[in-house]
Ligand SMILES: Nc1ncnc2c1ncn2[C@@H]1O[C@H](COP(=O)(O)OP(=O)(O)O)[C@@H](O)[C@H]1O
Ligand SMILES: [Mg+2]
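Residue numbers (my numbering): 1049 to 1314.
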C-alpha cells in the first residue's frame, strides 16, 4: 500500500566467510613477508658495499706484507674470515628476498643427499647417529637448481643438529610418492601428481605448538644471536615453492621433528 511503513519482507543472507577470512589472513601474511623481503634486500645490498672493501683490503694487506709478525697476520686473517662470513650471510638474505636466479636442470635428489651426508658425517658430533634410506633402483628426477636444493637440505640438517645438542638420531630418506585425492586437505591442490619426497627426521627437542606457525617466518629464531639467523627455513620454503613443491612438518615438543620436502617428479 502506498504510504504504508509496515515491513513486508525480510531479506536474509547467510554466507560462509570462513574461507574468505582465511584468504585475507593469508594475503596479509604474504604482504608482510614481501615487505620484510624488500627491506632485507635493501639492507643486504648496502651491507655488501660495506663488506667488499673490508674483505679486499684485508686480503691485499696480507699479500703486501708477507713478513708481517704472526699476531698481525692472525688479526688480518680474522678480519678476512669475518668479512667473508658477513658476505655469506648477505648472500643468504638476498636468496631469501629474491629467491635468487636459478638454473634448473634435471636432478637425482639422491646425489644431493649423498653430498650432504658426507658433510654431516665430517662435521657433526659423533653423538648424532646418521641413517640414510634411498631406493637403489632408478627413480624419477626433479627439475631444479642443485645449489639451492643442497642449501635446503643443509638447512634442515643443521636445524636437526642444533635440536640434538645431547645427541640423537638423524634420518634422511628419499622416495617417490603419488599424492591422490584422498590426501589431507593441505595436499589437495597438489593431488594426482607424482612427487619425490625428501624426509629429514630428528629425535631432538621438537617444536612447541605455538612456535610451529612461525618457524617459516623470516628472522624467527629461538637460537642465540650468534647461532641463529632465522633465515634457514624461510629460505628453504621460498626455494621449494619456486620449485613447485611444498614442505610439511610434523613435530611435538620433546618428540623430535620430521620435515618433508615434496618436489614434483619429471
Ligand atoms: N629440527 C628442528 N627441531 C627443533 N626446532 C627446530 C627445528 N628446525 C627448526 N626449528 C625451530 O625453527 C626456528 C627457525 O629455524 P631456521 O629458520 O632454520 O632459523 P635458525 O636455525 O637460524 O634459528 C629455529 O630457531 C628453531 O626454533
Ligand atoms: Mg636453521
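No residue lacks a Cβ here, since even glycine has one placed at the ideal position from N, Cα and C.
Keep in mind the model is a prediction, meaning the values are calculated, not measured.
- The three-state secondary structure of residue 1134, taken from DSSP, is helix.
- Judged by beta-carbon spacing, residue 1193 lies within the 9 Å limit of residue 1151, meaning their Cβ atoms are closer than that value.
- For residue 1285, the CB contacts under 7 Å within the same chain, skipping 5 residues up- and downstream, are 1264 and 1295 in chain order.
- For residue 1299, the uninterrupted beta strand (DSSP E) run begins and ends at 1294-1299, by DSSP.
- Around residue 1199, the same chain offers 1143, 1283, 1284 and 1287 as residues with beta carbons nearer than 8 Å, after the five sequence neighbours per side are excluded.
- If you look at residue 1167, you'll find it in the alpha helix (DSSP H) that goes 1157-1171.
- Where residue 1253 is concerned, there is no enclosing alpha helix (DSSP H), because DSSP gives it neither an H nor an E.
- Between the C-alpha atoms of residue 1104 and residue 1137 there is a straight-line separation of about 17 Å.
- Beta-bridge partners assigned by DSSP to residue 1307: 1248 and 1297.
- Taking residue 1299 as the centre and dropping the five residues before and after it, the same chain places the C-beta of 1254, 1255, 1260, 1305 and 1306 closer than 8 Å to its C-beta, in chain order.
- In chain order, 1248 and 1307 place their CB closer than 6 Å to the CB of residue 1204, counting only its own chain and leaving out the 5 sequence neighbours on each side.
- Between ligand 2 and the CB of residue 1277, the shortest heavy atom gap is smaller than 8 Å.
- The segment 1267-1280 makes no contact with the segment 1216-1230: fewer than 3 CB pairs, one atom from each, lie closer than 8 Å.
- If the five residues before and after residue 1084 are omitted, its C-beta is found closer than 7 Å to the C-beta atoms of 1266, all from its own chain and listed in chain order.
- Linking residue 1312 to residue 1158 through their CA atoms gives a straight-line distance of about 15 Å.
- Just measuring C-alpha positions, the residue of 1161, 1125, 1166 and 1180 sitting nearest residue 1196 is 1161.
- Ligand 1 has no heavy atom closer than 8 Å to the beta-carbon of residue 1261.
- DSSP places residue 1226 in no alpha helix (DSSP H) but in the uninterrupted beta strand (DSSP E) bounded by 1216-1227.
- Considering only 1102, 1179 and 1087, the residue with the shortest C-alpha distance to residue 1251 is 1179.
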